[in-house]
Amino acid sequence: MMTKPTVSFPVSENVAEMKASSTLAAMMAADSLRSAGVDVVDLGAGEPDFDTPQNIKDAATAAMRAGKTKYTPTAGVRELQQAIIGFYQREFGAAYERNEVMATAGGKQGVFNAVVSLINPGDEVLIPKPYWVTFPEIVTFARGKSVFIETESNDFVLTADMIRKAITPKTRLIILNSPSNPSGRVIPPAEFKDIMEIVSERDLYAISDECYLRFVYPPAQIFSAASLRPELRRRLCIAGSFSKTFAMTGWRVGYSLANAEWTRAMLTVQGHSTSNTSSISQAAATEALNGPQDSVATMLAEYTRRREWLLGALNEIPGLRCPQPEGAFYAFPDVRECFQGKLHTSGDFASALLEQEQTVVTDGAAFGAEGFIRISYATSMDRLREGVNRIRRVAEGK
Ligand SMILES: Cc1ncc(COP(=O)(O)O)c(C=O)c1O
């Protein structure tokens, strides 16, 4: 029998140094268990368990029927740009111009464009821990150096002081993400302002990833960096997304808001990679912002209910400690006190859950926080209840 010759592919240095996404890997692990007929509890999902609201789907159908199936400008159609500008004007009193806004293929592309259009080899990028897995990988791709900031001493809430201490002459950019994936923690608005004062004083740049902007639970309040005064926004790029807010993860649509020069550079990157995001998704996203918002409120009410139940239930498990996340749809408990027998790391804890209990969570080490696990409550109450029972068994060493 002929054996296939093995090919050793000369992966470029930039890409060879990148790690594959562990959150997407957890998603695939859950998928393959499910397709093998296993009763898996998937608490790994980084996406809403809701369907996209009907008015948004209808707008997409109407766009297809009307022949809106062609290339659009790289920055997106005027209607979508205007809808984004209108939203930030209405909600945060920010006046952005059309040459400062562009539609992207998800918030991820917004962050990618912003980093690669700014970072030169060797530039330092400040990334608070725990971080969304994609941030350091994009920095690696751009040949920058990720400098991580420890925030555990403050229960994962970043402060301006922590930033001040981490700045060196090579620091160029800081990536902020509030509410945070994975911790769900929120940077208080006054602290955010202080951080942006430092960015401005030290001639740095900032990206504010506002993917979970609308998922904030009282008494915390929705806050966008767009509400800061214009001088503090000059060096800021906001990366936003329709994925979580409107349950549109598969539609691949997000946006960035940044000064005209930064936006021009990002358009060059996007114009030579993906071009515009889907014309049909753009029509859907325009409706998402301009149409009724009651579906967002309904989803938020359901997340609120689950969150309250979950936090109570997790904190009753001996050995688990879960600070109150103010936003997103994740709990991020500390599992270190459960380490015993074969459990030495949060990776062991996550593997035990998968192997013994067919339950998927994400190991905190993937986000730079060994000792923690990320539990997504973007799943039904029934599955959450079952998942918590299974977590309890592993935590108790059963
Ligand atoms: C912090 C954060 N930013 C951005 C994204 C990207 O979302 P999308 O590209 O689907 O808009 C995610 C998705 O998980 C995220 O958690």
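Just so we're aligned, residue 800 is where the sequence shown starts under my numbering, counting upward by one. The beta-carbon is built from N, C-alpha and C at its ideal position, and this holds for glycine as well.
{"Check": "Alpha-carbon spacing of Ala-959 relative to Tyr-1102, whole angstroms", "Outcome": "30 Å"}
{"Check": "Proximity to Gly-1118 [Cα-Cα], best of Ser-1040, Asn-1075, Ile-1190 and Phe-849", "Outcome": "Ile-1190"}
{"Check": "Leu-842 vs Ser-1175 beta-carbon contact at 7 Å", "Outcome": "yes"}
{"Check": "Span of the beta strand (DSSP E), counted from its first residue to its last, around His-935", "Outcome": "The question names His, but residue 935 is Pro in the sequence shown. Per DSSP, Pro-935 belongs to no beta strand (DSSP E); it is in the alpha helix (DSSP H), 933-940."}
{"Check": "C-alpha distance - Lys-944 paired with Lys-1197, whole-angstrom precision", "Outcome": "42 Å"}
{"Check": "The alpha helix (DSSP H) enclosing Gly-1111, as first and last residue numbers", "Outcome": "1093-1114"}
{"Check": "7 Å Cβ cutoff met for Ser-1150 and Val-1134", "Outcome": "no"}
{"Check": "Contact between the region 1049-1069 and the region 910-926 (3+ Cβ pairs under 8 Å)", "Outcome": "yes"}
{"Check": "Range covered by the beta strand (DSSP E) that runs through Pro-852", "Outcome": "First-last for Pro-852: undefined, no H or E at that position."}
{"Check": "Test item, CB below 6 Å from any non-hydrogen atom of ligand 1", "Outcome": "Gly-845, Gly-905, Gly-906, Lys-907, Trp-931, Asn-976, Asn-980, Asp-1008, Cys-1010, Ser-1040, Ser-1042, Thr-1048 and Gly-1053"}
{"Check": "Identity of the residues DSSP links to Ser-811 by a beta bridge", "Outcome": "Its beta-bridge partners do not exist; DSSP assigns none."}
{"Check": "Cβ contact check for the region 979-997 and the region 853-867: 3 or more pairs under 8 Å", "Outcome": "no"}
{"Check": "Nonlocal neighbours in the same chain, by C-beta distance under 8 Å from Arg-889, ignoring five residues either side", "Outcome": "none"}
{"Check": "Distance, Ile-937 Cα to Ser-1074 Cα", "Outcome": "19 Å"}
{"Check": "Test item: CB-CB of Glu-1125 and Ala-1019 under 7 Å", "Outcome": "yes"}
{"Check": "Limits of the unbroken alpha helix (DSSP H) element including Arg-1028", "Outcome": "Where Arg-1028 is concerned, there is no enclosing alpha helix (DSSP H), given that its DSSP letter is neither H nor E."}
{"Check": "Backbone CA spacing between Pro-935 and Phe-1128 [nearest angstrom]", "Outcome": "22 Å"}
{"Check": "Candidates Arg-1106, Pro-1122 and Phe-947: closest to Phe-1014 by CA position", "Outcome": "Arg-1106"}
{"Check": "Whole alpha helix (DSSP H) elements within the region 948-1000, 4-residue minimum", "Outcome": "959-965 and 988-1000"}
{"Check": "Within the region 882-918, ranges of the alpha helix (DSSP H) (whole runs, at least 4 residues)", "Outcome": "905-915"}
{"Check": "Exposure of Val-1159, with buried meaning 16 or more beta-carbon neighbours within 10 Å", "Outcome": "buried"}
{"Check": "Whole-number beta carbon distance between Ile-997 and Arg-971, since they are thought to touch under 8 Å", "Outcome": "Their Cβ separation, rounded to whole angstroms, is 13 Å, which puts Arg-971 and Ile-997 out of contact at 8 Å."}
{"Check": "Asp-830 versus Ile-926, Leu-1153, Gln-1123 and Asn-1188, residue with shortest Cα-Cα distance", "Outcome": "Leu-1153"}
{"Check": "Short Cβ contact (7 Å threshold) for Leu-1012 with Ile-986", "Outcome": "no"}
{"Check": "Beta strand (DSSP E) segment containing Ile-1172, residue limits", "Outcome": "1172-1175"}
{"Check": "Distance CB(Leu-832)-CB(Val-839) smaller than 7 Å", "Outcome": "yes"}
{"Check": "Outcome for Pro-929 when other beta-carbon atoms lying within 10 angstroms are tallied against a minimum of 16", "Outcome": "buried"}
{"Check": "Within 7 Å, strictly: CB atoms of Pro-847 and Ala-1059", "Outcome": "no"}
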